[in-house]
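Heads up: the structure comes next, in structure tokens.
Protein chains: 2
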Amino acid sequence: MQNTENHHQLFLHQSQQLIEVHSFERLAELFSENHPADIASLISSLPQNIREQIWQLVPEEMSGEVLNEIDDSIRSSLLGEMETAQVISALSSLDEDEQADLLQDIPERTEEILQGMDFDRRQRLEAVLYYPEDVAGGLMDLDTIAVRADVSVGVVLRYLHKLSSIPESTNKLFVTDRKGVYRGQLFITSLLTHDHDTMVEALLQNGGSISANTPAQEAAEIFAKLDLISLAVVDDKNILLGRITVDDIVDFLRDSNQNSMLKLAGTTNEDAFSSVLKSSQYRALWLGINLITALLASWVILEFQEAIDKLVALAVLMPIVASMGGIAGSQTLSVIIRSLALGQLRKGNKVWMLRKEIGIGLLNGILWAIMVSSIAFWWFSSSLLSITIGVAVFINLVVATSSGVIVPLIMQRLDIDPAISGGVILTTITDVVGFFSFLGLASLLIL
Amino acid sequence: MQNTENHHQLFLHQSQQLIEVHSFERLAELFSENHPADIASLISSLPQNIREQIWQLVPEEMSGEVLNEIDDSIRSSLLGEMETAQVISALSSLDEDEQADLLQDIPERTEEILQGMDFDRRQRLEAVLYYPEDVAGGLMDLDTIAVRADVSVGVVLRYLHKLSSIPESTNKLFVTDRKGVYRGQLFITSLLTHDHDTMVEALLQNGGSISANTPAQEAAEIFAKLDLISLAVVDDKNILLGRITVDDIVDFLRDSNQNSMLKLAGTTNEDAFSSVLKSSQYRALWLGINLITALLASWVILEFQEAIDKLVALAVLMPIVASMGGIAGSQTLSVIIRSLALGQLRKGNKVWMLRKEIGIGLLNGILWAIMVSSIAFWWFSSSLLSITIGVAVFINLVVATSSGVIVPLIMQRLDIDPAISGGVILTTITDVVGFFSFLGLASLLIL
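Chains as they are written, first to last, in this note's numbering: chain A, 1 to 447; chain B, 1 to 447.
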């Protein structure tokens with residue numbers, strides 16, 4: 001027997017070799033013997049030109065599962081090549097939340113694809129499509145098994161036995177009343193450890209539901225905190241709509257994990273293996289924004305041209321002031337963004353947090369002001385220059401740490417994700433303040 | 001009935017009020033009625049001075065679960081205040097992997113605490129402590145239920161019925177032979193849907209194990225890909241050691257999610273609510289490293305003092321060259337780090353990737369060289385200066401994108417996490433190359 005991780009490496013290795021010798025028939029065979037996730041991982045890491053060709057080799061009955069495991073950025077281009085009937089057949093092997101995810105990658109064709117489905121399937125899918133991807137309703141599937149409280153364990157077991165298969169990730173059944181109102185949960189393991197004549201009412205556990213409009217991030221927090229496998233999703237009237245399963249939460253967390261770093265660098269959702277032209281376009285936006293902020297900083301320097309002309313040492317030292325502020329600011333920013341994501345920042349402690357960060361700015365400001373001004377004195381033997389840069393570093397560090405609190409709080413209030421552009425705004429502030437305070441003070445004190 | 005997420009908000013609100021009016025007895029009562037995860041979330045978001053006081057109010061039987069849900073950074077200070085007997089009693093409510101996690105926060109006391117446990121408990125815990133936190137063995141618990149292949153479903157059901165409770169997250173049993181060698185898995189749901197006289201052999205599914213030495217990140221990928229709830233952990237000889245459950249994977253992903261941003265800013269594991277002094281210390285290291293790299297850049301400028309003295313416009317424009325390179329480099333870096341994390345970069349495609357990024361560097365280099373040199377011409381009306389900055393931007397962007405591939409690959413080879421220091425190394429390169437190419441070219445061409 002093969003261990004799971006060795007198996008994956010072996011598969012990637014074999015496929016790579018088959019691709020190199022253009023042995024496509026044997027590759028198609030290899031695909032049919034392997035897990036869709038392995039195939040997805042292979043396809044994701046192929047250069048774009050070969051990718052389409054290899055995608056054709058995926059057996060039709062696996063294509064839905066493979067698409068489901070592939071990055072969003074790649075998925076839409078593969079879906080784009082498929083005919084409506086092919087998409088409908090691919091979707092049929094997936095849960096409703098997964099189908100909805102895929103359809104959201106080709107919004108312009110959603111209506112056409114829904115029309116091609118039979119009534120029952122369409123209706124189920126529309127129930128999930130009604131909710132955006134980033135709330136609980138968008139993560140749910142409809143594979144719930146609901147039972148009444150006034151039946152016995154024996155009845156429930158006989159009912160389950162009659163089902164030929166039980167949906168994946170089913171660790172609990174949901175107890176509802178006659179009108180579908182959610183009452184609580186019944187663990188499968190407690191069915192196994194109790195006698196057949198025990199009533200469901202006695203084993204029923206309260207709680208364990210979430211409103212369909214809860215943000216996905218919050219749902220993930222609840223799963224993490226309560227170690228859940230599945231969770232009932234209800235509407236405003238507490239009617240059971242569906243359930244979220246932990247595999248969806250794992251996928252959600254994994255995706256946001258991968259994306260949090262890309263977000264910071266402004267390359268959200270870039271497919272690592274797309275073409276040079278496409279990637280260049282993705283990145284040009286952020287380079288453009290950065291150019292504007294860099295020009296702002298340059299404009300500050302331009303205003304003090306005269307000072308630099310008189311004392312060229314200012315030009316040598318000025319990047320230090322800006323860069324120390326930039327680091328201090330992004331340190332605070334990342335701590336605050338994390339606290340916001342974890343819901344740790346509340347009315348009660350925001351002011352406390354601001355005061356704390358100003359404290360850090362004052363303390364590190366004094367420390368690094370002394371350090372930098374000593375170095376400046378050692379380089380240029382001018383006590384005035386050395387005092388100037390010390391004061392400028394101090395000012396910039398205090399501004400940096402306090403902006404690190406204020407900027408993300410304001411952005412959150414304005415419903416802008418501070419993880420995406422907080423860093424750019426912050427370094428713009430620290431560049432401008434750094435250059436301005438250093439060159440401005442120098443003009444006043446030295447020249 | 002209360003929805004799960006409303007309940008959490010309500011609890012935080014009520015506790016905050018009770019803390020404000022110093023009504024500690026009622027707070028202790030509120031604690032005993034709530035979930036440990038809610039209490040952990042409250043304690044994490046309290047300033048350090050109040051935190052210890054509130055921690056005393058947590059009922060002893062909940063203290064283990066609360067500690068388990070609290071951030072590493074806070075946990076060690078709370079554990080530090082507890083006596084050995086208290087720690088041992090707190091641990092008793094946790095799985096082995098969770099106990100191991102807690103003990104790893106107070107390494108100097110591990111031996112003493114292990115000695116205080118009874119033999120059986122110590123032995124189980126040592127089996128997990130044997131593995132580091134970041135491999136599969138460190139994530140496992142020992143709550144496996146193992147059965148033989150040559151018994152019937154009826155026998156297994158009777159065996160389960162005799163257990164008064166079945167461990168949480170049990171969605172499958174593990175099938176082993178007489179010597180404990182892992183043979184495969186048996187889903188609980190298939191027990192329910194098959195007749196009592198079916199043999200386990202017939203329902204047994206192969207695969208589904210992982211070696212104890214597999215990196216935790218890889219284990220998380222496997223859970224995500226295969227939508228697993230639990231997975232058998234085996235040793236080199238394929239003996240069943242324990243199991244990983246998906247809640248541990250969710251916690252692992254959530255933590256690395258939160259930490260990936262902090263890593264980039266060099267504030268790993270900082271407790272957002274610790275004291276000013278402690279936080280300042282944490283951050284000083286990274287500020288110090290940054291100062292060294294900033295000095296390196298300043299030293300390059302110092303070498304070209306004369307040039308700036310003759311043409312002050314160079315000082316105005318030089319930050320633009322450095323900053324464009326910095327952004328282009330970190331864009332590439334984050335794409336590469338993500339691909340490394342997802343295991344998408346293999347021998348077969350590393351060179352392809354490098355060529356692609358150089359292509360992006362060339363393309364964006366030409367685009368932004370034209371842009372920046374036009375702006376420079378508009379500002380300073382000097383065609384020589386404008387050509388100089390254009391060429392410098394072009395050089396720096398190509399260097400930036402190729403370093404963005406090479407630096408993380410070298411770091412990975414040296415077993416250094418590129419997410420922690422890759423950014424600093426990269427901006428040092430782009431600063432130095434940016435200033436050097438711009439000022440050097442200016443000295444040659446203009447002066």
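For every residue, glycine included, the Cβ atom is placed at its ideal position computed from N, Cα and C.
(request) Ignore the nearest five residues each way along the sequence and tell me which others in Ser15 (chain A)'s own chain have a CB closer than 7 angstroms to its CB. (result) So the qualifying residues of the chain are Leu27, Leu30 and Leu42.
(request) Throw me the rounded Cβ distance for the Leu157 (chain B) and Leu240 (chain A) pair, which I believe falls under 8 angstroms. (result) Between Leu240 (chain A) and Leu157 (chain B) the Cβ distance is about 28 angstroms, and since that is not below 8 angstroms, they are no contact.
(message) One question on the structure: do Asp95 (chain A) and Asp134 (chain A) come within less than 8 angstroms of each other, judged by their Cβ atoms?
(response) no
(request) Compare the beta carbon distance of Val372 (chain B) and Ile289 (chain B) with 8 angstroms and say whether it is the shorter of the two. (result) Their beta carbons are not under 8 angstroms apart, which means Val372 (chain B) does not touch Ile289 (chain B) by this criterion.
(message) Please report the distance separating the alpha-carbon of His22 (chain A) from that of Met318 (chain A).
(response) 57 angstroms
(request) Measure from the C-beta of Ala297 (chain B) to each C-beta in chain A and report whether the shortest distance is under 8 angstroms. (result) yes
(request) Quickly, what does DSSP pair Gly242 (chain B) with across the bridge? List them, please. (result) B:Val233
(message) Is any non-hydrogen atom of the ligand GDP found closer than 7 angstroms to the C-beta of Met318 (chain A), if you look at the structure I gave you?
(response) Among the components of this structure there are no ligands whatsoever, and the ligand GDP is therefore not found.
(request) Tell me, please, whether the CB atom of Phe31 (chain B) is closer than 8 angstroms to any CB atom in chain A? (result) Using beta-carbon distances, Phe31 (chain B) does not count as an interface residue toward chain A, since no partner is under 8 angstroms.
(request) Look up Gly184 (chain A) in the DSSP assignment and give the residues it is bridged to. (result) Looking at the DSSP assignment, Gly184 (chain A) forms a beta bridge with A:Val175.
(request) Please report how far the alpha carbon of Tyr478 (chain A) lies from the alpha carbon of Val432 (chain A), in whole angstroms. (result) Lying outside 1 to 447, the shown extent of chain A, residue 478 (chain A) is not represented and no answer is given.
(request) Please list, in chain order, all residues of the same chain as Leu445 (chain B) whose beta carbon is under 8 angstroms from its beta carbon, the five residues on each side excluded. (result) Leu384, Ile387 and Thr388
(message) If I measure Cβ to Cβ from Ser190 (chain A) and keep anything under 7 angstroms in the same chain, skipping five residues before and after, which residues do I get?
(response) Leu203
(message) Measuring CB atoms only, is the segment 349-361 of chain B touching the segment 387-407 of chain B, in the sense that at least three cross pairs come out at less than 8 angstroms?
(response) Taking a contact to require three or more Cβ pairs closer than 8 angstroms, the segment 349-361 of chain B and the segment 387-407 of chain B qualify as touching.
(request) Please list the partners that Asp247 (chain B) has in chain A, where partner means a Cβ-to-Cβ separation under 9 angstroms. (result) For Asp247 (chain B), the chain A residues whose Cβ falls inside 9 angstroms of its Cβ are Phe223, Ala224, Leu226, Asp227, Leu228, Ile229 and Val246, in order along the chain.
(request) Return no unless some Cβ of chain A is closer than 8 angstroms to the Cβ of Gln344 (chain B). (result) yes
(message) Between Ala272 (chain B) and chain A, is any beta-carbon pair separated by less than 8 angstroms?
(response) yes
(request) Could you work out which residues of chain B lie near Gln217 (chain A), taking near to mean beta carbons separated by less than 9 angstroms? (result) None at all; the shortest Cβ gap to chain B is about 10 angstroms.
(message) Does the structure place the segment 244-251 of chain B close enough to the segment 218-229 of chain A that three or more beta carbon pairs sit under 8 angstroms?
(response) yes
(request) Give me the Cα-Cα distance between Leu173 (chain B) and Arg243 (chain B), rounded to the nearest whole angstrom. (result) One Cα belongs to Leu173 (chain B), the other to Arg243 (chain B), and the distance between them is close to 10 angstroms.
(message) Mapping the DSSP letters down to three states, classify Ser32 (chain A) as helix, strand or coil.
(response) helix
(message) Under 8 angstroms, Cβ to Cβ, is there at least one residue of chain B near Met1 (chain A)?
(response) Interpretation of Met1 (chain A) is limited by its pLDDT of 36, a score under 50 that renders its predicted location unreliable; no figure is taken from the coordinates.
(message) Please list the terminal residues of the continuous beta strand (DSSP E) segment that includes Ile145 (chain A).
(response) Where Ile145 (chain A) is concerned, there is no enclosing beta strand (DSSP E), given that its DSSP letter is neither H nor E.
(request) List the residues of chain B whose Cβ lies closer than 9 angstroms to the Cβ of His22 (chain A), in chain order. (result) What His22 (chain A) touches in chain B: nothing, since even the nearest Cβ is about 15 angstroms away.
(message) Counting only Cβ pairs nearer than 9 angstroms, list the residues of chain A close to Val250 (chain B).
(response) Ala220, Phe223, Ala224, Asp227, Leu228, Val246, Ile249, Val250 and Leu253
(request) State the start and end residues of the unbroken alpha helix (DSSP H) segment that holds Ser448 (chain B). (result) Outside the displayed span of chain B (1 to 447) sits residue 448 (chain B), for which this structure offers no information.
(message) Here's a check: name, in chain order, each residue in its chain whose Cβ is nearer than 8 angstroms to the Cβ of Thr430 (chain B), leaving out the five neighbours to either side.
(response) Ala322, Gly325, Gly326, Ala328, Gly329, Asn396, Val399, Ala400 and Ser403
(request) For Glu83 (chain B), collect the residues of the same chain with a Cβ closer than 6 angstroms to its Cβ; drop the 5 residues on either side in sequence, then sort them by chain order. (result) Nothing listed; no residue qualifies.
(request) Write down the C-beta distance between Ile70 (chain B) and Ile19 (chain B) rounded to the nearest angstrom, noting that I regard them as a contact closer than 8 angstroms. (result) The pair is not a contact, with the Cβ atoms about 17 angstroms apart (cut-off 8 angstroms).
(message) Less than 8 angstroms between CB atoms is the rule here; does Asp97 (chain B) satisfy it with respect to chain A?
(response) no
(message) Mapping the DSSP letters down to three states, classify Ser15 (chain A) as helix, strand or coil.
(response) helix
(message) Judging by CA-CA distance, which residue of A:Ala307, A:Gly348 and A:Leu414 is the nearest neighbour of Gly440 (chain A)?
(response) A:Ala307
(request) Go ahead and label Ala85 (chain B) buried or exposed: buried means 16 or more other beta carbons lie within 10 angstroms of its beta carbon, across all protein chains shown. (result) Ala85 (chain B) is classed as exposed because its beta carbon has fewer than 16 other beta carbons within 10 Å across all chains shown.
(request) Go through its chain and collect everything with a Cβ distance to Asn206 (chain A)'s Cβ below 7 angstroms, but skip five positions before and after it. (result) Gly184
(request) Give a yes or no on whether the C-beta atoms belonging to Val128 (chain A) and Ala100 (chain A) are separated by under 8 angstroms. (result) yes
(request) Report the rounded CA-to-CA distance for Ser209 (chain A) versus Ala136 (chain A), giving the unit in angstroms. (result) 11 angstroms
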